[in-house]
Amino acid sequence: MSGHVLIDGAGVGGLTAALALARMGWSITLLERSQLKKEVGAGLQISPNASAILRDLDVLPRLGTAALAPRAIHIRRGRDGATIGRLPLANAERRWGAPYLLAHRGDLQSALLDTVAAVPSIRIETERAFAGFAAMERGVTVTALRGAESASFAADCLLGADGMRSLVRERLNPADATPRVARHVAWRALVKSDRLALDLRQPESTLWLGAGAHIVHYPLRGGRITNIVAIFGGTNAIEAGADIWAEPGDPRRIAARFADWDRRIRALIATAEEWRIWPLAERSPPPIWSAGCVALLGDAAHPILPFLAQGAAQAIEDAAALATFLKPGCDVPAALAKFVAARRARIERVQRESRRQGLLYHLSGVPAACRDLAIRALGEERMVARYDWLYGGTPIGNASKNRRFS
Ligand SMILES: Cc1cc2nc3c(=O)[nH]c(=O)nc-3n(C[C@H](O)[C@H](O)[C@H](O)COP(=O)(O)OP(=O)(O)OC[C@H]3O[C@@H](n4cnc5c(N)ncnc54)[C@H](O)[C@@H]3O)c2cc1C
């Protein structure tokens with residue numbers, strides 16, 4: 022009889038973990054509090070370290086042409102649009118073994134759900150909110166609520182993939198602080214690309230840097246729409262417990278914030294009719310990341326500031342790493358402890374580098390001029406090489422073996 026894993030949360034991390042562990046022979050139940058029907062969020066950059074795993078799990082073919090491979094990340098000066106540098110990505114597959122992709126979050130979610138639907142050993146219970154667990158002699162019993170109705174689920178293992186405000190994390194670490202709230206918020210919008218000037222419609226991810234702020238925009242869905250993310254200082258609604266996916270932003274506020282930026286950025290901002298605010302937060306891995314038959318993955322374990330675009334990518338890496346250690350019939354607590362030990366250093370490095378990248382992006386005055394000079398002096402080849410550890414890295418540090426699931 023195959024063992025049973027319960028995963029709390031059917032986000033990118035939970036769905037990928039379900040696919041990776043089902044390949045190992047586990048039967049999986051995913052508990053998801055939402056209906057999973059709404060297209061949530063906006064664009065997502067899927068770096069090669071994550072796309073390699075999605076390809077191995079047969080998710081990439083289902084994403085198909087909804088994903089776009091940009092030719093470069095184009096870094097520009099916010100004030101006047103001057104090019105600071107370029108990170109070429111056209112050779113991503115040759116250099117890092119997998120493509121760099123841009124996709125709508127809803128398209129990735131659909132591709133993951135379609136792949137999951139084709140695996141008989143995975144079951145999703147939607148509108149089931151995890152409420153708590155009890156450790157048993159072997160395995161766990163989980164309580165989940167659908168409205169007022171309560172149900173119990175027994176499993177060999179519980180994985181908390183329930184995002185930044187994880188209840189599983191809270192249960193494992195009652196004294197752990199709430200997410201460390203960054204001083205920045207992300208404003209996100211989607212616009213029809215045919216409303217933009219040609220300069221803003223290139224098949225690349227464009228990064229505009231300015232004092233205390235930056236803007237990223239890139240094409241999605243074959244270039245028909247453009248995703249815009251603007252990050253700058255502002256009140257952080259997460260403390261008030263707001264619905265972090267649905268907080269609307271006043272277009273006049275963002276227009277005023279970028280009023281002294283290049284005219285193309287002002288035009289880009291003016292094109293967007295609807296802005297949503299996404300508060301930024303990060304959290305170090307908790308003191309108790311796994312205990313007995315329970316462990317955390319993705320944002321539940323380590324929300325990462327988005328300056329390296331790695332939050333979902335690291336959740337995907339967690340999923341692959343779990344499948345390396347967790348096999349049906351294994352000593353589950355020992356396997357989960359090995360998973361945590363194998364992931365900690367890479368996660369801490371990604372969090373550190375993301376923080377550092379944010380500081381570099383938002384420099385002003387002389388330090389900003391020095392940063393621009395340094396990027397120019399670096400040149401494309403050395404710039405690309407700086408990302409080898411990340412894009413060419415594997416979830417548990419060595420061997421590409423741990424990406425293979427069959
Ligand atoms: C502005 C911004 C831009 C970003 N851009 C990128 C990018 O380009 N590339 C990238 O890799 N990452 C990016 N990220 C990070 C990325 O969005 C997250 O790291 C990623 O979504 C985390 O996935 P997850 O599955 O761990 O958590 P989530 O996506 O938060 O999923 C958690 C799931 O658990 C469910 N859930 C929660 N509580 C319960 C409960 N009690 N019971 C049942 N279900 C529950 C939720 O409904 C949800 O479905 C960005 C983040 C920000 C803020």
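Heads up, the sequence shown is in our numbering, so the first residue is 22 and it goes up one at a time.
Idealized CB from N, CA, C, for every residue including glycine.
Selected residue, minimal CA-CA separation from residue i, among the options
i, options, result
"residue 94", "68, 79, 362, 80", "68"
"residue 400", "220, 109, 365", "109"
"residue 324", "50, 190, 46, 87", "190"
"residue 249", "238, 242, 231", "238"
"residue 56", "75, 32, 45, 403", "32"
"residue 288", "216, 70, 403, 395", "216"
"residue 269", "300, 54, 47", "300"
"residue 486", "88, 274, 159, 99", "In the structure as shown, the chain begins at 22 and stops at 427. Residue 486 is therefore absent and cannot be evaluated."
"residue 34", "207, 332, 236, 179", "332"
"residue 408", "101, 103, 113, 44", "113"
"residue 165", "153, 50, 272", "153"
"residue 279", "254, 37, 373, 295", "254"
"residue 130", "85, 90, 103", "85"
"residue 364", "402, 305, 389", "305"
"residue 448", "360, 205, 358, 272", "As shown, the chain starts at 22 and ends at 427. That puts residue 448 outside it, with no answer to give."
"residue 52", "98, 139, 188", "188"
"residue 38", "390, 412, 360", "360"
"residue 388", "276, 233, 144", "233"
"residue 212", "64, 402, 42, 170", "64"
"residue 353", "371, 202, 157, 369", "157"
"residue 181", "29, 347, 393, 345", "29"
"residue 291", "241, 345, 340, 210", "210"
"residue 251", "206, 243, 218, 277", "206"
"residue 76", "342, 386, 169, 133", "133"
"residue 336", "276, 183, 140, 111", "183"
"residue 274", "342, 312, 345, 208", "208"
"residue 45", "138, 116, 142", "142"
"residue 296", "276, 344, 351", "276"
"residue 311", "340, 355, 341", "355"
"residue 139", "406, 36, 315", "36"
Residues near residue i by beta carbon distance below 7 Å, same chain, minus five either side
i, result
"residue 82", "none"
"residue 421", "Any reading at residue 421 must be qualified, since the residue scores a pLDDT of 47, below 50, and its modelled position is unreliable; the value itself is stated next. These residues qualify, in order along the chain: 415."
"residue 379", "326, 328"
"residue 136", "40, 78, 79, 80, 83"
"residue 382", "230, 235, 328"
"residue 70", "334, 338, 411, 412, 414"
"residue 102", "283, 285"
"residue 260", "Confidence at residue 260 is low in this model, with a pLDDT of 49, below 50, so the placement of that residue should be treated as unreliable; the coordinate-derived value is given next. Cβ within range, chain order: 202."
"residue 431", "The shown model of the chain, from 22 to 427, leaves out residue 431, and the question about it has no answer."
Spatial neighbours of residue i in its chain, beta-carbon cut-off 6 Å, leaving aside the 5 residues before and after
i, result
"residue 162", "155, 173, 175"
"residue 284", "none"
"residue 222", "214"
"residue 167", "148, 149"
"residue 96", "105, 106, 228"
"residue 24", "47, 177, 349"
"residue 27", "50, 163, 174, 176, 179"
"residue 54", "150"
"residue 330", "66"
"residue 338", "416"
"residue 410", "none"
"residue 226", "91, 94, 239"
"residue 144", "50"
"residue 362", "none"
Bridge partners - residue i, DSSP secondary structure assignment
i, result
"residue 174", "163"
"residue 66", "123"
"residue 53", "147"
"residue 39", "In DSSP, residue 39 forms no bridge with anything."
"residue 179", "27, 315"
"residue 269", "297"
"residue 48", "25"
"residue 156", "161"
Contacts around residue i, its chain only, beta-carbon distance under 8 Å, and the 5 residues preceding and following it disregarded
i, result
"residue 307", "190, 193, 194, 197, 317, 322"
"residue 72", "81, 119, 120, 121, 122"
"residue 397", "105, 106"
"residue 372", "303, 305, 323, 325, 326"
"residue 369", "305, 306"
"residue 74", "37, 41, 337, 338, 340, 341, 416, 424"
Closer than 7 Å: residue i CB and nearest ligand 3 heavy atom
i, result
"residue 344", "With respect to ligand 3, the structure offers nothing, as its ligand set consists of ligand 1."
Within the stretch 86 to 154, ranges of the beta strand (DSSP E) (whole runs, at least 3 residues): 93 to 98, 104 to 109, 122 to 125, 143 to 147
Complete runs of the beta strand (DSSP E) confined to the stretch 287 to 336 [at least 3 residues]: 296 to 303, 315 to 317
Length-filtered (3 minimum) beta strand (DSSP E) runs lying within the stretch 375 to 423: none
Any beta strand (DSSP E) of 3 or more consecutive residues that is wholly inside the stretch 182 to 267: 201 to 213, 226 to 231, 234 to 241, 246 to 254
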